[in-house]
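Residue numbering for the sequence shown follows the numbering used here, beginning at 417 and increasing consecutively. The beta-carbon is built from N, C-alpha and C at its ideal position, and this holds for glycine as well. Report on the following structure.
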Amino acid sequence: MAGIYIHVPFCKQACHYCDFHFSTSLKHKQPMVEALKREIAMRSEDLDQNVENIYFGGGTPSLLESDEVHSIIDKVYDHFQVIDEPEITLEANPDDLHTDKLKELVATPVNRLSIGIQSFLDRDLKLMNRSHNAKQAMEVLENAKRYFDNISADLIYGIPGLSDQELKANIHRLVKLEIPHISAYALTIEPNTALSNFIKKGIVADVDDEQAERQFHLLTDELKENGFDHYEFSNHGKPGFFSRNNIGYWTGRPYIGIGPAAHSFSTDTRSWNISNNIKYIKSIRSGKRPFESERLLKVDRYNEHIMTRLRTKWGIDMNEIEEKFGVNYTNHLIEECSELLEENLISMDKNKVYITKKGKFLSDGIASRLFLLNLDHTSN
Ligand code: SF4
Numbered sequence: 417m418a419g420i421y422i423h424v425p426f427c428k429q430a431c432h433y434c435d436f437h438f439s440t441s442l443k444h445k446q447p448m449v450e451a452l453k454r455e456i457a458m459r460s461e462d463l464d465q466n467v468e469n470i471y472f473g474g475g476t477p478s479l480l481e482s483d484e485v486h487s488i489i490d491k492v493y494d495h496f497q498v499i500d501e502p503e504i505t506l507e508a509n510p511d512d513l514h515t516d517k518l519k520e521l522v523a524t525p526v527n528r529l530s531i532g533i534q535s536f537l538d539r540d541l542k543l544m545n546r547s548h549n550a551k552q553a554m555e556v557l558e559n560a561k562r563y564f565d566n567i568s569a570d571l572i573y574g575i576p577g578l579s580d581q582e583l584k585a586n587i588h589r590l591v592k593l594e595i596p597h598i599s600a601y602a603l604t605i606e607p608n609t610a611l612s613n614f615i616k617k618g619i620v621a622d623v624d625d626e627q628a629e630r631q632f633h634l635l636t637d638e639l640k641e642n643g644f645d646h647y648e649f650s651n652h653g654k655p656g657f658f659s660r661n662n663i664g665y666w667t668g669r670p671y672i673g674i675g676p677a678a679h680s681f682s683t684d685t686r687s688w689n690i691s692n693n694i695k696y697i698k699s700i701r702s703g704k705r706p707f708e709s710e711r712l713l714k715v716d717r718y719n720e721h722i723m724t725r726l727r728t729k730w731g732i733d734m735n736e737i738e739e740k741f742g743v744n745y746t747n748h749l750i751e752e753c754s755e756l757l758e759e760n761l762i763s764m765d766k767n768k769v770y771i772t773k774k775g776k777f778l779s780d781g782i783a784s785r786l787f788l789l790n791l792d793h794t795s796n
């Protein structure tokens, strides 16, 4: 099975923390849609597996007209083998999801919405320069539920000034609304964003790592108590509502990324399209996909495997490591695990390695302690 990611590189306004690729000018939206469809057609040979999910990310895909979304999905069906009942997700911002838009979207093959709520507090939304307010966040979820069963909401924790009580109230609103999937992210300060500038100038307080870690655990515990399964570091789902897109990504399934800045991955190759809308459109028009790629050595694939699997509730399977990478890698892993076991950061059960509650917030750092250094660049 494989996935298709479609990057829609437009936003109404720039959120202060964001370093994704997008433009706030919609001038090239129509030629971009044409280019996305053309890239889909150009890449029909790039996947030899059935497509189980299509994911519109961005940017803000809800800025597309519903018929544009529909025509892109049709193009995927024209050029790839799509399974029956695929998961088709559209990321949406609350201010775009008025009733007419919801009615139109539910008439397309889109069957899952991922809504960028982030917080139900106007103070937080203003600090982050989100394009919606708290009232819209509340209303949109109630309304979206009339049209879609499968809804995910994004939440941000670790926001300067966000108290634990306020975060709890945000979580409980989502629980009360019976939203079945929540993706939660710590506010991180990326270089060259407006937020990093405000912090440097002392206009906004810096993020506090202790607050982020405490709120990560608070969120995980609250959601667990309310029937959510913490199946990946940032993702919590009710049974039957785990995202196929997320599971695919964190378990090393191949995917192709369409659109500017979109990444693609297959067993031993990673590639990424140019992060420039105009250059992307021009190149696709001339029949050439503008991308760079790298071949992943065996040691890179092993390190990536460790990092992605450790973030999930399914953990690292030693048998799979041996099968994919060989006995030397398994021995290395067993050796490196001993210290982490003593520190109670990981646990082992029936040939599987899991992150513990104590280690969860630190999973990427812990994974790096299990990495193998790439000493021999000639190995494949
Ligand atoms: S809407 Fe999303 S992609 Fe656009 S600026 Fe905000 S966080 Fe970034």
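- The closest heavy atom of the ligand SF4 lies less than 7 Å from the beta carbon of Gly475.
- Here Ala585 is exposed, its C-beta having fewer than 16 other C-beta atoms within 10 Å.
- In the DSSP assignment, Glu720 forms no beta bridge with any residue.
- Counted as a single uninterrupted DSSP element, the beta strand (DSSP E) harbouring Val424 occupies residues Ala418 to Val424.
- With a threshold of 16 other beta carbon atoms within 10 Å, Gly618 falls short and is exposed.
- In this structure, Ala451 lies near Arg701, with their beta-carbon atoms less than 8 Å apart.
- Counted as a single uninterrupted DSSP element, the beta strand (DSSP E) harbouring Gln534 occupies residues Arg528 to Gln534.
- For Arg701, the enclosing alpha helix (DSSP H) starts and ends at Asn693 to Arg701.
- Between Cys753 and Thr728, the alpha-carbon positions lie close to 17 Å from each other.
- Contact check between the stretch 633-640 and the stretch 601-621: fewer than three CB pairs, one atom from each, fall below 8 Å, which does not count as touching.
- Short of 8 Å from the beta carbon of Met764, and not among the five residues preceding or following it, lie these beta carbons of its own chain, in chain order: Cys753, Leu757 and Tyr770.
- Comparing C-alpha distances from Pro447 to each of Lys695, Lys774, Asn760 and Asn767 shows the shortest one belongs to Lys695.
- Distance from Lys428 to Ile456 at the Cβ level is roughly 25 Å; contact not present, criterion being Cβ atoms closer than 8 Å.
- Residue ranges of uninterrupted alpha helix (DSSP H) with 4 or more members, entirely inside the stretch 458-500 and ordered along the chain, are 482-495.
- For Tyr770, the pairing in a beta bridge is given by DSSP as Ser763.
- Annotation for Phe564: Leu529 place their beta carbon closer than 6 Å to its own, counting only its chain and skipping 5 residues before and after.
- Phe536 and Ile470 have their C-alpha atoms some 29 Å from each other.
- Under the three-state reduction of DSSP output, Ile572 falls in the strand class.
- For Phe438, the Cβ falls inside the 7 Å cut-off from some heavy atom of the ligand SF4.
- Per DSSP, reduced to three states, the secondary structure at Ser779 is helical.
- According to the DSSP assignment, His588 belongs to the alpha helix (DSSP H) that extends over Asp580 to Lys592.
- Short of 8 Å from the beta carbon of Glu710, and not among the five residues preceding or following it, lie these beta carbons of its own chain, in chain order: Thr685, Arg686 and Ser687.
- With a cutoff of 7 Å, Ala430 counts as near the ligand SF4, since its C-beta is closer than that to a heavy atom of the ligand.
- Secondary structure at Trp666: helix, using DSSP grouped into helix, strand and coil.
- The residues Ala508, Asn509 and Asp512, in chain order, have a CB closer than 6 Å to that of Ser478 in the same chain once the five nearest residues on each side in sequence are set aside.
- The stretch 590-600 makes no contact with the stretch 417-424, as fewer than three CB pairs between them are under 8 Å.
- For Phe614, the uninterrupted alpha helix (DSSP H) segment begins and ends at Ala610 to Lys616.
- For Ile674, the enclosing beta strand (DSSP E) has its first and last residue at Tyr671 to Ile674.
- With a cut-off of 7 Å, the C-beta of Asn693 is classified as distant from the ligand SF4, since no heavy atom of the ligand falls inside that distance.
- Under the three-pair Cβ rule at 8 Å, the stretch 710-720 counts as touching the stretch 773-789.
- Restricting attention to Leu463, Glu503, Ser441 and Asp462, the CA atom closest to the CA of Thr476 is found in Ser441.
- Secondary structure note for Arg686: its beta strand (DSSP E) is the uninterrupted segment Thr685 to Asn689.
- For Ala553, the uninterrupted alpha helix (DSSP H) segment begins and ends at Ala550 to Ala560.
- For His646, the enclosing beta strand (DSSP E) begins and ends at Asp645 to Glu648.
- In this chain, the alpha helix (DSSP H) harbouring His748 covers Val743 to Glu758.
- Using a 10 angstroms sphere on the CB of Asp540, the tally of other CB atoms reaches 16 or more, which defines it as buried.
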